[in-house]
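> Residue numbers (my numbering): 103 to 1216.
Using N, Cα and C, we set each Cβ at its ideal position, and we do this for glycine too.
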Amino acid sequence: MGPASLQEEREPEKESNGEMEGYRCLLQAGSQLESTLQQVTVPVSLKEVGGYIEKQVAYLTGGRGEESSVIITLPECSAFSDIPEEALAKVFTYLTLIPRTRQPGVKFIIILDRRLDTWASIKNALARIAASFPGNLHLVLVLRPTSFFHRTVTDIGFRFSQEDFMLKMPVVMLSSVTDLLRYIDENQLTSEFGGTLDYCHSDWIVLRTAIESFAVTVKDIAQMLQGFGTELAETELCDEGKAIEYLLESHTDKYRKLKDAIRSVSKEGRHLLASLATSGKEDDSQWDVRLDWETVQRLLAQLRDMESAFDGFFEKHHLKLHQYLQLLRYEQSFQEIELCLEHLVGQERELSISVDTLAQAEQALKRLDSLESNAQEVMSRAQIIILHGYQLSAGHHYAIALIMQRCNELRHFCDTLNAALQTKHTRLLHTHQLLLCLGQAQTWCDDGAYLLANQLVEKYQSKEGAQAALRDIERFLEGAPSMLSSGPDILAMEYEAVITPQLQAQIGKTFAKHSAVQQMIQSRQACLRKLADKHVRPIQLVAPRAEIPPRSKSPLFSPKHGDGLKFTFDLSLPGKRASRKSPNSRKIEVMHDYQESRSCVPSGLDGEDSPDLLKRHVMRELIETERIYVEELLSVLLGYRAEMDNPALPGPLPSILRSKRDVLFGNMPEIYNFHSRVFLQDLEGCLEAPESVGACFLEWKESFQMYECYCQNKPRSDALWKQFSDCGFFQECQKKLEHKLALDSYLLKPVQRLTKYQLLLKELLKYSTDSKGSSELQGALTAMLDLLKSVNDSMHQIAITGYEGDICELGRVLMQGSFSVWISHKKGPTRMKELARFKPMQRHLFLYERALLFCKRREEHGDGCDKTPSYSFKHCLKMTAVGITENVKGDVKKFEIWYSGREEVYVVQAPTVEVKMAWLNELRRILTNQQKLLRDEAYQQGQVVGHMQLPPPLSESKQQRASVSSEDSESGRSSPDPQPHSPKHQHNRKSWPGAHHSVDICEGLEEWSGGRDAFHPSDMEEEEGSLQLSPGRYRALADCLQNGPDSITIKCGDVIQLQLEDNKGRWLVKNLSRRQEGFVAASSLQLILVDSIQGHTSRLGDPWNLKARKLSSP
103 MGPASLQEER EPEKESNGEM EGYRCLLQAG SQLESTLQQV TVPVSLKEVG GYIEKQVAYL
163 TGGRGEESSV IITLPECSAF SDIPEEALAK VFTYLTLIPR TRQPGVKFII ILDRRLDTWA
223 SIKNALARIA ASFPGNLHLV LVLRPTSFFH RTVTDIGFRF SQEDFMLKMP VVMLSSVTDL
283 LRYIDENQLT SEFGGTLDYC HSDWIVLRTA IESFAVTVKD IAQMLQGFGT ELAETELCDE
343 GKAIEYLLES HTDKYRKLKD AIRSVSKEGR HLLASLATSG KEDDSQWDVR LDWETVQRLL
403 AQLRDMESAF DGFFEKHHLK LHQYLQLLRY EQSFQEIELC LEHLVGQERE LSISVDTLAQ
463 AEQALKRLDS LESNAQEVMS RAQIIILHGY QLSAGHHYAI ALIMQRCNEL RHFCDTLNAA
523 LQTKHTRLLH THQLLLCLGQ AQTWCDDGAY LLANQLVEKY QSKEGAQAAL RDIERFLEGA
583 PSMLSSGPDI LAMEYEAVIT PQLQAQIGKT FAKHSAVQQM IQSRQACLRK LADKHVRPIQ
643 LVAPRAEIPP RSKSPLFSPK HGDGLKFTFD LSLPGKRASR KSPNSRKIEV MHDYQESRSC
703 VPSGLDGEDS PDLLKRHVMR ELIETERIYV EELLSVLLGY RAEMDNPALP GPLPSILRSK
763 RDVLFGNMPE IYNFHSRVFL QDLEGCLEAP ESVGACFLEW KESFQMYECY CQNKPRSDAL
823 WKQFSDCGFF QECQKKLEHK LALDSYLLKP VQRLTKYQLL LKELLKYSTD SKGSSELQGA
883 LTAMLDLLKS VNDSMHQIAI TGYEGDICEL GRVLMQGSFS VWISHKKGPT RMKELARFKP
943 MQRHLFLYER ALLFCKRREE HGDGCDKTPS YSFKHCLKMT AVGITENVKG DVKKFEIWYS
1003 GREEVYVVQA PTVEVKMAWL NELRRILTNQ QKLLRDEAYQ QGQVVGHMQL PPPLSESKQQ
1063 RASVSSEDSE SGRSSPDPQP HSPKHQHNRK SWPGAHHSVD ICEGLEEWSG GRDAFHPSDM
1123 EEEEGSLQLS PGRYRALADC LQNGPDSITI KCGDVIQLQL EDNKGRWLVK NLSRRQEGFV
1183 AASSLQLILV DSIQGHTSRL GDPWNLKARK LSSP
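#1: Here's the rule I'm using: 16 or more other beta-carbon atoms within 10 Å means buried, otherwise exposed. How should P756 be labelled?
#2: Give the straight-line distance between the Cα atoms of I155 and F194, rounded to the nearest whole angstrom.
#3: Curious, which full-length alpha helix (DSSP H) runs of at least 4 residues does the segment 857-919 contain?
#4: When DSSP labels each residue in this structure, what does I231 get in the three-state scheme?
#5: Report the start-end ranges of each alpha helix (DSSP H) in the segment 438-499 that is 4 residues or longer and not cut off at the edges.
#6: Could you work out which residue in L866, R959 and L586 is closest to S712 when comparing CA atoms only?
#7: Alpha carbon to alpha carbon, what distance is there between H514 and L446?
#8: Per DSSP, which residues does A953 bridge with? Please list them.
#9: Quick one: what's K996 bridged to in DSSP?
#10: Quick check: the Cα distance between E566 and L579, rounded to an integer number of angstroms?
#11: So, at 7 angstroms on beta carbons, what are the nonlocal neighbours of E793 in its own chain, with the 5 sequence-adjacent residues on each side left out?
#12: Assign I286 to one of three DSSP states: helix, strand, or coil.
#13: If contacts are defined as beta-carbon pairs under 8 angstroms, then F330 and K356 qualify, I think. What distance do you get, rounded to the angstrom?
#14: Restricting to Cα atoms, I'd like to know which of W823, Q627, V893 and L1022 is closest to Q557.
#15: If you scan the segment 203-249 from start to end, which runs of the beta strand (DSSP E) of 3 or more residues do you find wholly inside it?
#16: At which residue ranges does the segment 298-358 contain complete beta strand (DSSP E) runs of 3 or more residues, listed in the order of the chain?
#17: So what's M271 in DSSP terms, helix, strand or just coil?
#18: T727 lies in the alpha helix (DSSP H); which residues open and close that run?
#19: Going by C-alpha to C-alpha distance, which of E840, S737 and G913 sits closest to S778?
#20: Pick out whichever of Q833, V244 and L1187 has its Cα sitting closest to the Cα of L1143.
#21: Report the residue from L785, R960, K991 and E1005 whose alpha carbon sits nearest the alpha carbon of L979.
#22: Pick from E810, D784 and L789: whose alpha carbon is nearest that of E801?
#23: Would you call the segment 480-492 and the segment 448-465 in contact, with 3 or more CB pairs under 8 angstroms?
#24: If W546 sits next to P583, beta carbons under 8 angstroms apart, how far is it from one beta carbon to the other, in whole angstroms?
#25: Out of Q485, H498 and L523, state which residue places its alpha-carbon closest to the alpha-carbon of N510.
#26: According to DSSP, M943 sits in a beta bridge with which residue or residues?
#27: Is DSSP giving I1158 helix, strand or coil here?
#28: Based on the DSSP output, what are the partners of A1183 in its beta bridges?
#29: On the three-state DSSP scale, how would you describe P971?
#30: Would you give the residue range spanned by the alpha helix (DSSP H) that L538 belongs to?
#31: Under a Cβ-count criterion, where at least 16 other Cβ atoms within 10 Å of its own Cβ denotes burial, should S475 be classed as buried or exposed?
#32: If you draw a straight line from the C-alpha of H419 to the C-alpha of Q478, how long is it?
#33: DSSP three-state call for C835: helix, strand or coil?
#34: Please tell me whether Y161 and H303 are closer than 7 angstroms, where the distance is taken between their beta carbons.
#35: Give the secondary structure of N1173 by DSSP, where H, G and I count as helix, E and B as strand, and everything else as coil.
#36: Give me the DSSP bridge partner(s) of E1006.
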């Protein structure tokens, strides 16, 4: 499921409607709370007028006059006249707004206490009240001065000014407190006016402060709840799990903080209610206290409603986010397992079950078993994901339909893959069983032929001997495989499901061979019965040689017995040892060019990206990764290496570790200096010209050799790290650097970077075909690949043990690898030489510029994956005394390395033909260079050495022809070359001697060279072109495809008969195995029959020459 489907399932209708309904409830509760706050909140706060209220300029006692008028008291205040008009207006506004917010339209009575004041003060106060009082002033009660003089002045002044005041407000001048009781009841007056109303100004201030603070806090909480609710409602959901996790975490954190704030303000409100309730119980006449209690109670109730609405909304939103995160993770798991299953399906489709041999069937079964093991592991993970999907569905997940769809898809994937694997496994088992039966039948036929061949004539010339031979044959027949009695048709029907044309042909060959062996056994039984029935004098029985059946494709088998008695059978019996080898064990194979194709030209470009744009992308990646690499190296050098010299170390550092820091970090400082000061700057200069990056790499090619030193030190560094990895110093440094990985991961960075370069260069070369700078890019890529190979070889070189000399004197290591080696010595006993032929030794060869080392690989130093190999030194061959024979008869993977005039001969078997050709090319190059140096020295001395001409290294166009194997050295020495110095022979030799065999010592080599010059020590490298073809029967040792209308196809193993040669150099050839007849070029026949012809020209008396391929002459 991609982003589109996630978007579709992100907010389903039901969940979205529920969440929006909760959001609307939250907004409604917030609106109601806001309305209540507007009703009970005074625009002017106590803080603004607190100073004057505390000075008791005016205050509300809570008393009421007639018509429930609110009483405001202005006590004696000497500084009343000094209060600014604006401040006095705010005081009056604040005191009047408190009752007006609760009871709109309420009237006010002012008690102006001026008993100790003057008329002037009274007049000024009345004037300021008339100017500043904002409310509905019902009555002003003035307590006039008590002194006689001031009372008289006040009466006179008030009489003359009464009309002015009365027009603005009703003013009543009272002589005493007793007169005040006529207007206001005593229980509404405080004690200073002779009343009983309990009033404490400081308590009133504290209470008002608490009420206003509570109201402000409730308002802030309401705004935060509304703001957070809006934030949740407008949250956009992305398709990244980490972002959703962050949202869940941040939203939950905010929610908890808001809940803490709500609990705090609720607790404050409850305390306030308790205080108000206590005040109200003490005096029931305090109506304003009851109103305040109702206001706080109302605010608390609405705050609880808003909290409840917010809790419901947040719960739904949190559930949606949590389920969305579950869906993201489930989808990610689904996609990962889907990719694994698709990869397995691809592997299953690529796994071919079309096999022709038992080895192929066993190999295919191994690959299938491995694939099934991987598939079972992946399908187990898929089952866990399916179970998780069911759990999500059971939990009422909103995307239940999509989850169930994914579960069904995974189940279908697993069922399909499992069924396909089971089908292939069943077919492979049937095929394996068939091939096993065919192999057993072939082995039984071979054993039968050998049984007949090994029955010595001397033993069964007597009656008892003949009877014993008959009993042996009968016991052998009793052990015949059951499949041979069923016949080919029944066998084909039984294995009809797995039969292929190739298997059908094998069945036919097997039963044909069985028929031939049965005929031989019956003939032998008839002969033996005659001998058993009637004893006659010993005679020699010679069975007539039958004509070779057309379907017989094997060479002639002619075992020798006694002093002349011989049974000759035309049967496919290559010998007891050879029968267990591949049919191609004696085939002359042609090696193709051993060179990895580096063609990286893209077949097309995705989208509209041009090659230039793609090159820039790769170039930017190269530069960015180079910068990161330099930064990581710097962090390691500063954060670890430099900290070792810090006196205030972040952790304990062993002294041995400080002394071996150069071992731990190697030459990393040198690598960092090169990349930061030189290479990175040059790469940045190539950003706009990617075609010049190849020249940049080539310019600094030599500087990259420092990586070889680093890699050679890496094992020592790893061992040191393994010893001290738990050191607290490293852990503190890692924590300080905030590195997620330990130091060993960063010490591996140079090795990883070295392999990264060649990958990026390949990408650049891919988009730079036929463009400027492509040749430099190819050169840079080759240089980096050569560097990687050199580093790998050097890593093996440092594991050599037991070499007593200075290994650096041998030059640079060029190649290394493991081989099977047979060793023979010229002066050693024959028995030792024969044993060496069949008992190969496993040796690891190191090829240097000046020597070839033979070592034995040993595993040591650790257990399991920590094991590191070492190589014990065995032999050293100086390249100046080395010669090679490129091909050895009988195995295309073998070649010879001979030393000091074949005093020592090493037969080397490579693991593959490609490895063999790579080594031969390198050896040939070294020997050629030595010959050039020798030739230059000879010319400088005035000597002519024309007969020492060597062929150059094989080009790609001639490599196929030149790699044809030569005969074994034993079969080639008896036939000396009649023209040892022929230019034609000199150009195509396959033996390469050492460079030290100069003209002066060539004649001394006749004892092993057969009279040839030093460059051709053996007759076994016969030139194909000089051999003469003759009419007769041969067995093809290679394939020859049809290349004309009158030509024929010849396959390896076919028996052909050469009839005559026309004037165009073509031979009329009859393919007896395929019943075809046509013309084949003589050059093609030489390629596919050269081994046969060479075997035919060898010494026929040598028992080893029974392997000759020429079958008969016409």
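According to the data block:
#1: The residue is exposed, with fewer than 16 neighbouring Cβ atoms inside 10 Å.
#2: Cα-Cα distance, rounded: 10 angstroms.
#3: 876-899
#4: I231 falls in the helix class under three-state DSSP.
#5: DSSP runs (the alpha helix (DSSP H)) wholly in the segment 438-499: 460-496.
#6: L866
#7: When rounded, the distance between both Cα atoms is 14 angstroms.
#8: K980
#9: Bridge partners of K996: Q1011.
#10: 20 angstroms
#11: S870, S873, K874 and G875
#12: coil
#13: 6 angstroms
#14: Q627
#15: Within the segment 203-249, the complete beta strand (DSSP E) runs of at least 3 residues are 209-215 and 238-245.
#16: none
#17: coil
#18: P713 to V738
#19: Looking from the CA of S778, the closest CA among E840, S737 and G913 belongs to S737.
#20: L1187
#21: The shortest Cα separation from L979 among L785, R960, K991 and E1005 belongs to E1005.
#22: The option with the nearest alpha carbon to E801 is D784.
#23: With the cut-off at 8 angstroms, the segment 480-492 and the segment 448-465 do not touch.
#24: Sure, about 6 angstroms apart at Cβ, within 8 angstroms.
#25: The shortest Cα separation from N510 among Q485, H498 and L523 belongs to Q485.
#26: V923
#27: strand
#28: R1168
#29: strand
#30: I502 to A555
#31: Counting Cβ neighbours within 10 Å, S475 comes out exposed, since fewer than 16 surround it.
#32: 40 angstroms
#33: C835: helix per DSSP, three-state reduction.
#34: yes
#35: strand
#36: Partner(s): H927 and Y1001.
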